[in-house]
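Going by our numbering, the sequence shown wraps up at 1447, each residue one higher than the last.
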Amino acid sequence: MECYNPIVMNRCKQTEGDYDCSGRGTCMCGTCICPYEFSGTLCETFKVPTVRCSDIKKCMVNVFDSKELTGCNISVTKVKKLEESASFFVQTCQIIHRNCSHSFQIHINKNGTHINSITLKMLDPMEDCVRDFHSFFRKRLLQVCIITIAVAIFFYAITISIRLLYIKWKNKRDNTKKRWRQWIIVLHIFISTNRGEYESPSAPVVEHPNTDEC
């Protein structure tokens, strides 16, 4: 068959001993069938995509701010982790937006001139975002103030409670002392009254006549 003719097959090689189609494509009846990354008669030319991450920066900002992942008129898929790719037609991009690093991949068509789809990594605030120092300081200061006020109110309430208990105890003690004094006075009056009733009358004084007058 003509396809297996050595002369025909050598058309896929630049020189004798070289790989068919520069080792990148498949030789079919003397014609190189090249993968989409390469072009030329022997697949010797590498296609460099003309699309860059910077080309969709503005529209991706709209995607970041949109819950529906709209803003670029391109299909956007959100994933937990981006898969590594050695292909020049799958580029990994990063854009800083609102103190967060957003990572995504653009999948470029075979001609290298258009983006077919976008894969967006889910944002992890703890790993992908930088805390605003002023906002962080304000939150910490507010927390400290709230805790300080709560502790002050707690100790103030305890102090007031102890003070009220002391006043209550003191009043009770004073009332007890007052009642005891009243009972003592009543008892003293009672004893004094009964003592006068039971005392024996004193003997009358007899006056003796003065014998010197006789």
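Ideal Cβ positions, reconstructed from N, Cα and C, are used throughout, including at glycine.
What is the residue span of the beta strand (DSSP E) that F1337 lies within?
Annotation for F1337: the continuous beta strand (DSSP E) segment containing it runs C1333 to I1341.
State the DSSP-derived secondary structure class of Q1247, mapped to helix, strand or coil.
Reduced to three states, the DSSP call for Q1247 is coil.
Kindly give me the distance between the Cβ atoms of C1245 and R1257, rounded to whole angstroms, as I take these residues to be in contact under 8 Å.
In fact, because the Cβ distance is near 11 Å, the residues do not count as touching under 8 Å.
List, from N- to C-terminal side, the beta strand (DSSP E) runs of 3 residues or more that fit wholly inside the segment 1272 to 1358.
Listed in chain order, they are 1308 to 1312, 1323 to 1330, 1333 to 1341 and 1348 to 1354.
Helix, strand or coil at C1254 according to DSSP, with G and I counted as helix
For C1254, the three-state secondary structure derived from DSSP is helix.
CB contact below 9 Å: D1251 versus chain D
Among the chains in the structure shown there is no chain D, since it carries only a single protein chain.
Looking at I1341: is its Cβ nearer than 9 Å to the Cβ of Q1324?
Closer than 9 Å, so yes.
Just the Cα atoms here: how many angstroms apart are T1310 and T1303?
Approximately 11 Å, taken between the alpha carbons.
Strictly by DSSP, which residues pair up with M1261?
T1264, per the DSSP bridge assignment.
Contact the segment 1330 to 1339 vs the segment 1287 to 1297: 3+ CB pairs below 8 Å:
A contact exists between the segment 1330 to 1339 and the segment 1287 to 1297.
Since K1280 and S1287 should fall inside the 8 Å C-beta cutoff, what is the C-beta to C-beta distance between them, to a whole number of angstroms?
Not really, about 19 Å apart at Cβ, beyond 8 Å.
Is it right to say N1322 is buried, meaning 16 or more other beta carbons lie within 10 angstroms of its own, or is it exposed?
It is worth fixing the name first, because residue 1322 is Phe in this sequence and not Asn. Note on F1322: 16 or more other CB atoms within 10 angstroms of its CB, so buried under the neighbour-count rule.
Quick one: Cα of E1301 to Cα of D1361, how far?
Between E1301 and D1361, the alpha-carbon positions lie close to 21 Å from each other.
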